[in-house]
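Enquirer: Below: one structure in structure tokens.
Structure (structure tokens):
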């Protein structure tokens, strides 16, 4: 249910936003998701002190039903599909489920998510080892705050300066955050790491989606967004298994050093799989225009 709803709403939002403000619009939408992810657990912990688990679940069901009711009254412009496109939709192939045009940025997303999965999977245990449980608890609060502040600004910069102006700093920030985690010994160091991880992964996730939307026609936005998030989820899913194998020889500190270097390497991967090809395509298009 959540997977279908999140993909559908991402597609609707992406299609509704004017092309010249797509980066800004998608970042605002992603901001709402980040706020929900931060407010939800906080609200849940408060409710847990006063209500039973059953009451909390009933409250969640009521919120979902309210969202369902809102969906019926929400005005959404239907995407116009040509007869040729309808015929293509009837043919089942790999491209029906995965968009080849966005595979470059989606592969980058896979490795970025794999690096970030170390935070989701190991931070609690790592914080316990360091006797920094309070800082470990506040890590995601700081993460959410940094994402909340930076995403609107990143969206405007995406539209005005181009995607490279936003994307390269995300790899650097994520690398700094993870490397800082690897040498953390104090609470404030862990919280500063949370700021950089938020600036890195939180900004990459929404702007990577904006790139995907730029690369495809309107009728393929849904498949493009789905492809991107499939690779992100795959990275988050397999990351703990792959990185967990290094726990014995490296320890948590070594794992965070490894993924920190890996995050920086993703900048080169981004250039090779997306930026270089984009620049080459644009130069060819410019040459064709001059000849015409």
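Numbering (this note's numbering), first residue to last: 19 to 310.
All C-beta atoms in this analysis are idealised placements derived from N, C-alpha and C, irrespective of residue type, glycine included.
Check whether the Cβ atoms of residue 83 and residue 153 sit closer than 8 Å, and answer yes or no.
Expert: Taking 8 Å as the Cβ cut-off, residue 83 and residue 153 do not qualify as a contacting pair.
Enquirer: Anyone know if the C-beta pair for residue 214 and residue 195 falls short of 8 Å?
Expert: By the CB criterion at 8 Å, residue 214 and residue 195 fall inside the cutoff.
Enquirer: Find out if the Cβ-Cβ distance for the pair residue 173, residue 37 is shorter than 8 Å.
Expert: With contacts defined as CB atoms closer than 8 Å, residue 173 and residue 37 fail to qualify as a contacting pair.
Enquirer: Applying the 10 Å Cβ sphere with the 16-neighbour rule, what's the burial state of residue 201?
Expert: exposed
Enquirer: Taking only three categories from DSSP, how would you classify residue 235?
Expert: DSSP, reduced to helix, strand and coil, places residue 235 outside both helices and strands of the structure shown, so it counts as coil.
Enquirer: Are the region 48-57 and the region 176-183 touching, with three or more C-beta to C-beta distances below 8 Å?
Expert: no
Enquirer: So for residue 155, helix, strand or coil by DSSP?
Expert: helix
Enquirer: From the DSSP output, in three-state form, read off residue 9 for me.
Expert: The structure shown does not extend to residue 9, since the chain spans only 19 to 310, so no value can be given for it.
Enquirer: Taking the alpha helix (DSSP H) that residue 292 falls in, what are its first and last residues?
Expert: Run containing residue 292: none; DSSP gives neither H nor E here.
Enquirer: Report yes if the CB atom of residue 115 is closer than 8 Å to the CB atom of residue 284, and no otherwise.
Expert: no
Enquirer: Which value, in whole angstroms, describes the spacing of the CA atoms of residue 190 and residue 282?
Expert: 6 Å
Enquirer: Is the region 137-148 touching the region 244-252, taking contact as three or more C-beta pairs under 8 Å?
Expert: By the criterion of at least three beta-carbon pairs nearer than 8 Å, the region 137-148 is not in contact with the region 244-252.
Enquirer: Pick out whichever of 33, 229, 299 and 156 has its Cα sitting closest to the Cα of residue 207.
Expert: It is 156.
Enquirer: Roughly how many whole angstroms lie between the Cα atoms of residue 185 and residue 205?
Expert: 29 Å
Enquirer: Can you have a look at residue 203 and say buried or exposed, based on whether 16 or more other CB atoms are within 10 angstroms of its CB?
Expert: exposed
Enquirer: Nearest to residue 187 by CA position, among 271, 93, 256 and 221, is which residue?
Expert: 221
Enquirer: Inspect the beta-carbon positions of residue 228 and residue 158 and report whether they are closer than 8 Å.
Expert: no
Enquirer: Which class does residue 180 belong to by DSSP, given the choice of helix, strand or coil?
Expert: coil
Enquirer: Around the C-beta of residue 261, are 16 or more other C-beta atoms found within 10 angstroms, so that it is buried, or is it exposed?
Expert: buried
Enquirer: Quick one: is residue 90 buried, meaning 16 or more other Cβ sit within 10 Å of its Cβ, or exposed?
Expert: exposed
Enquirer: Could you pull out every unbroken alpha helix (DSSP H) segment of at least 4 residues lying fully inside the region 22-70, listed in chain order?
Expert: You should have 40-68.
Enquirer: Using the Cα positions of residue 264 and residue 275, report the straight-line distance between them to the nearest angstrom.
Expert: C-alpha separation (whole angstroms): 11 Å.
Enquirer: Tell me the DSSP secondary structure of residue 92 in three-state form.
Expert: Under the three-state reduction of DSSP, residue 92 is assigned to coil, being neither helix nor strand.
Enquirer: Which residues in the same chain have their Cβ closer than 6 Å to the Cβ of residue 151, if we skip the five residues on either side of it in sequence?
Expert: 145
Enquirer: Leaving aside the five residues before and after residue 14 along the sequence, list all residues of the same chain whose C-beta is less than 7 Å from its C-beta, in chain order.
Expert: Since the first and last residues shown for the chain are 19 and 310, residue 14 lies out of range.
Enquirer: Relative to the C-alpha of residue 245, which residue among 295, 57, 132 and 231 is closest?
Expert: 231
Enquirer: Could you tell me the boundaries of the alpha helix (DSSP H) in which residue 219 lies?
Expert: That residue, residue 219, is in no alpha helix (DSSP H); it is neither H nor E in DSSP.
Enquirer: Write down the C-beta distance between residue 137 and residue 216 rounded to the nearest angstrom, noting that I regard them as a contact closer than 8 Å.
Expert: Not confirmed; about 10 Å, so no contact.
Enquirer: Work out the CA separation of residue 32 and residue 92 for me, nearest whole Å.
Expert: Note on geometry: alpha-carbon atoms of residue 92 and residue 32 lie some 15 Å from one another.
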